[in-house]
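Residue numbers for the sequence shown follow numbering that gives the first Met the number 0, so the first one is 0 and each next one is one higher.
C-beta atoms are modelled at their ideal positions from N, C-alpha and C, and glycine is treated no differently.
Just so you know, these numbers come straight off a predicted model, no measurement behind them.
Some notes on the structure that comes next.
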Amino acid sequence: MTNTTPRVDSDTIQSRLAQLCKPPGSLGMIEFAATRLCETQQTLHPQTRPRHVTVFAADHGVTCEGVTAWPSEVTGAVVKVMQTGRTASGVFARTLDANYEVVDVGLLESIHNSSGDAVPATSLRDAAKRRGTANLLREAAMAESDFDHAWNVGVERAEAAIAENSQVLIGGEMGIGNTTAATCLIGLLCESEIGSNVAEIVGRGAGLDDQQLSHKQQVVVAAIERVRALGPLNAKQIGCEVGGQEIVALAGFYARAAQAGRTVLIDGVIATSAAVLADAIHPGTRAQMIAGHRSTEPAHNAALAKLQLTPIVDLQMRLGEATGAIAALPILDLAAAMLCEMATLGELEL
């Protein structure tokens with residue numbers, strides 16, 4: 000049976016906004032957020048609850064090249080705290096009434112589920128097939144079978160959130176070294192947005208000093224040159240060469256959520272590299288995306304440009320873990336409330 004329901008297009012949305020009891024455009028980015036909510040949910044009465052956050056965690060072989068200020072063991076240590084709901088993303092999600100889970104898709108060592116004394120344990124799922132990636136500077140980060148497994152884990156977690164009727168899906172990540180992987184991915188998938196100077200998109204990640212940053216730039220440039228020397232590759236092949244398992248899982252998560260017509264709220268540079276990958280493999284995925292925030296990581300701008308997304312907020316954040324996307328949730332809440340509850344100009348008694 001053919002769906003004959005007319006699309007809620009831009010003109011229809013702008014007409015609705017113009018009817019509300021306010022000067023046109025006076026609510027600024029809240030109106031922009033409202034427009035994107037209507038477009039992604041195809042209704043003039045969008046919903047932002049229930050909402051769901053999944054953080055995917057994995058380790059990276061490239062850390063042996065000294066591209067990060069922290070050792071790989073920190074990934075697992077942070078995930079242990081995530082179980083207690085006391086990392087930034089867990090606290091933010093709980094404060095804003097979002098379901099929250101953590102998924103191991105490739106930590107160096109598995110972590111047993113545990114709970115803190117003060118906060119109930121967050122769901123931690125062990126879905127890892129491969130423990131960490133290979134060193135992307137020297138060889139492919141993962142095999143195609145590893146990519147497929149991570150992608151399918153992301154799809155499965157999106158389907159679980161959809162089954163719970165989640166209207167807004169947010170993906171986050173945890174993985175020491177993953178800004179290097181994300182920057183390489185963006186460098187290869189966003190060439191027209193970057194130009195010739197790849198080094199300029201390399202950021203400090205989790206706190207590199209100037210000397211460490213210079214070294215990281217050299218590693219990223221060399222890794223990208225290694226992959227380019229292989230000849231033309233498709234997006235999946237590029238993901239195998241320089242991606243991370245948490246990044247691939249995020250891409251699968253986004254693609255499935257978009258396919259189901261859910262609003263996909265995107266976080267910072269690593270999450271957006273996954274969004275670029277998802278849209279490259281499943282063109283049109285970007286139509287369901289809202290960029291939560293603008294990261295201070297320079298590669299983020301190139302990825303946003305590739306996806307033609309405008310961030311809701313710019314709070315000078317660069318943590319990851321889905322925190323920037325969660326921070327944009329209150330703006331989406333206000334946008335939905337405005338559309339669903341605000342009086343119209345026609346109701347004024349003049």
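Kindly indicate which three-state DSSP category A342 falls into: helix, strand or coil? coil
Three-way DSSP call (helix, strand, coil) for S76 in this model: A small fix is needed here, since residue 76 is Ala in this sequence, not Ser. Correct three-state label for A76: helix.
Under DSSP, the beta strand (DSSP E) around Q18 begins and ends at which residues? Counting along the chain, Q18 falls outside any beta strand (DSSP E), though it belongs to the alpha helix (DSSP H) covering S9 to Q18.
Which of helix, strand or coil does DSSP assign to D278? helix
Residues that E100 bridges to, as DSSP identifies them: T53 and S122
Closer than 8 Å by C-beta to A127: which residues in its own chain qualify, once you throw out the five before and the five after it? Chain order, please. The residues are A57, D103, V104, G105, L106, S109 and Q244.
Alpha carbon to alpha carbon, how far is T262 from G131? Give it in angstroms, no decimals. 30 Å
Can you tell me whether L328 is buried or exposed, with buried defined as 16 or more other CB within 10 angstroms of its CB? Buried: at least 16 other Cβ atoms inside 10 Å.
Thinking L338 and R15 are a contact (beta carbons under 8 Å), I'd like their distance in whole angstroms, please. 7 Å
Between the alpha carbons of A335 and E155, how many angstroms are there, rounded? 28 Å
State the Cα-Cα distance for the pair V241 and A181, rounded to the nearest angstrom. Near 8 Å, if we compare the C-alpha coordinates of A181 and V241.
Could you work out which residue in E138, Q211 and L249 is closest to H148 when comparing CA atoms only? L249
Pair within 8 Å by beta-carbon distance, A270 and G171: yes
Below 7 Å, is the gap between the Cβ of G230 and the nearest heavy atom of the ligand NAD? You won't find the ligand NAD in this model; it holds no ligand whatsoever.
Determine the direct distance from the alpha carbon of N196 to that of A234, and round the result to whole angstroms. Rounded to the nearest angstrom, the two C-alpha atoms are 21 Å apart.
A142: buried (16+ other C-beta within 10 angstroms of its C-beta) or exposed? Exposed, because fewer than 16 other Cβ atoms sit within 10 Å of the Cβ of A142.
Let's see if you can read the secondary structure: which residues bound the beta strand (DSSP E) around I265? T262 to I265
Give me the residue from L333, F55, E320 and I169 with the minimum Cα distance to N98. I169
Apart from the five residues just before and just after A273, which ones in its own chain have a Cβ nearer than 6 Å to its Cβ? I246, L249 and A250
From the DSSP output, in three-state form, read off M0 for me. Residue confidence is low: M0 scores 38 on pLDDT, short of 50, so the model does not pin down where it sits. Its coordinate-derived value is still stated next. The DSSP-derived three-state label of M0 is coil.
In this structure, how does DSSP classify V61 when only helix, strand and coil are distinguished? helix
Distance between N151 and S144 (C-alpha atoms, nearest Å): 11 Å
Candidates I330, A162 and T295: which alpha carbon is nearest P49's? For P49, the nearest C-alpha among the options comes from A162.
According to the neighbour-count rule (16 or more other Cβ atoms, all chains shown, within 10 Å of its Cβ), is E138 buried or exposed? exposed
Is V220 closer than 8 Å to I237 when the C-beta atoms are compared? no
With a threshold of 16 other CB atoms inside 10 Å of the CB of A157, please say whether the residue is buried or exposed. buried
Does the contact criterion of 3 or more C-beta pairs under 8 Å hold for the region 289–304 versus the region 199–211? Segments in contact, yes.
By Cβ distance, which residues of its chain are closer than 6 Å to K305, with the 5 residues on each side in sequence left out? C189, E192 and V275
In the DSSP assignment, find the unbroken alpha helix (DSSP H) run with S88 in it and report its ends. From DSSP, the alpha helix (DSSP H) with S88 extends over A87 to T94.
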